[in-house]
Amino acid sequence: MVHRDLAGRGVRDQRVLDAMGSVPREAFVPAGQRRSAYADRALPLRFGQTVSQPYVVAVTLEALRLAPGDRALEVGAGSGYAAAVAGRLVAEVFAVERIESLAADARQRLESLGFDNVTVVWADGAQGHPPGAPYDAIFLSAATRSVPAALFKQLAVGGRLVAPVGGTGRDQQLALYEKPASVARSPDDVPRRSGLLPVAFVPLLPGVKATGK
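The numbering of the sequence shown is numbering that gives the first Met the number 0, which starts it at 0 and goes up by one.
Below, the structure is given as structure tokens:
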């Protein structure tokens, strides 16, 4: 997967490639999907959620330019797969999941695999996780028409945020936002945005639920 689907399609950051190769994706997908664990596509979870496509995870993490000492936030933890890969690249990851049972499963899974620098939080992802802020990097694993203001507020000056932006269907684009240093002098300065690639993610929904029903 790493050489064919990632490096072969333009992912160049060796740290990202190594991290992707070191995380057992089969541990993060349902038992019935394990034969497809290393296929380069999103796989279904419970409650209409998905495990993100490996190529999109790699592009996201490469765009974030993660450093070993960084603190990162993921919105939409799902099974914990992307947070686990990020955990190989940074000092600390907070992963927010709005569905309590998914959050509990992801937490247990990550703990059993030894990811002690990844913390799964059951909370409204649109509100981020203020106790861990500021974050050097934030990434969303669910699509939004506009990035919630709360997430930009939790992004450190000079920080990077990657999100799937758009409605449902095929009009989503994975976008990189960079919070300029000038924000420290002028809070009205908005993060710079650049497009990465077209994507299709489940929507970012507000609030929290004990199950996906």
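Glycine included, C-beta positions come from ideal geometry on N, C-alpha and C.
Residues near residue i in its chain [Cβ-Cβ closer than 8 Å; skip 5 each side]
i: alanine 26; result: Arg108, Leu112
i: leucine 42; result: Val28, Pro29, Gln32, Ser35, Ala36, Thr49, Val50
i: alanine 180; result: Val156, Gly157
Of the listed residues the options, nearest to residue i (C-alpha basis)
i: tyrosine 54; options: Ala103, Gln172, Gly9, Arg192; result: Gly9
i: arginine 192; options: Pro202, Ala162, Gln153; result: Ala162
i: proline 205; options: Leu160, Gln153, Gly124, Arg24; result: Gly124
i: alanine 20; options: Leu88, Gly31, Arg64, Pro67; result: Residue identity check: residue 20 is glycine in the sequence provided, not alanine. Checked all of Leu88, Gly31, Arg64, Pro67; the closest Cα to glycine 20 is Leu88.
i: arginine 14; options: Leu160, Ala57, Pro43; result: Ala57
i: proline 133; options: Gly158, Arg144, Leu139; result: Gly158
i: tyrosine 176; options: Arg3, Ala102, Arg64; result: Arg64
i: serine 78; options: Val146, Ala105, Arg11; result: Ala105
i: proline 190; options: Ser145, Phe200, Gly165; result: Ser145
Beta-carbon contacts of residue i that lie in its chain and below 7 Å, excluding the five residues immediately before and after
i: alanine 6; result: Leu16
i: phenylalanine 93; result: Leu72, Thr118, Val120, His128, Gly131
i: proline 202; result: Ala141, Ala142, Thr167
i: alanine 81; result: Ser51, Val56, Glu73, Ser140
Buried/exposed call for residue i, threshold 16 Cβ in 10 Å
i: arginine 70; result: buried
i: serine 156; result: The amino acid at residue 156 is misidentified as serine; the sequence shows valine. Exposed.
i: threonine 49; result: buried
i: glutamate 110; result: exposed
i: alanine 30; result: exposed
i: aspartate 170; result: exposed
i: threonine 210; result: exposed
i: proline 23; result: exposed
i: proline 67; result: exposed
i: lysine 152; result: exposed
i: alanine 62; result: buried
Residues of its chain near residue i, where Cβ-Cβ distance is below 6 Å and the 5 sequence neighbours each way are ignored
i: leucine 173; result: Pro163, Leu195, Leu196, Val198
i: phenylalanine 114; result: Ala83, Gly86
i: asparagine 116; result: Gly86, Glu91
i: isoleucine 137; result: Leu72, Leu150, Leu154, Leu160
i: alanine 18; result: Val84, Arg87, Leu88
i: glutamine 126; result: Ala149
i: valine 207; result: Arg97, Asp123
i: arginine 40; result: Gln52
i: alanine 102; result: Glu96, Val119, Trp121
i: aspartate 135; result: Asp69, Arg70, Ala155, Gly158
i: proline 147; result: Ala125
i: aspartate 12; result: Glu61
Cross-strand partners of residue i (DSSP beta bridge)
i: threonine 49; result: Pro43
i: proline 202; result: Ala142
i: alanine 71; result: Val92, Ala136
i: serine 193; result: Leu175
Review point. Which full runs of the alpha helix (DSSP H) of 4+ residues lie inside the region 76-121, going along the chain?
Key: 80-86, 99-111
Review point. What runs of the alpha helix (DSSP H), each 4 residues or longer, lie entirely inside the region 144-182?
Key: 148-152
Check your understanding: Curious, which full-length alpha helix (DSSP H) runs of at least 4 residues does the region 2-27 contain?
Key -> 13-21
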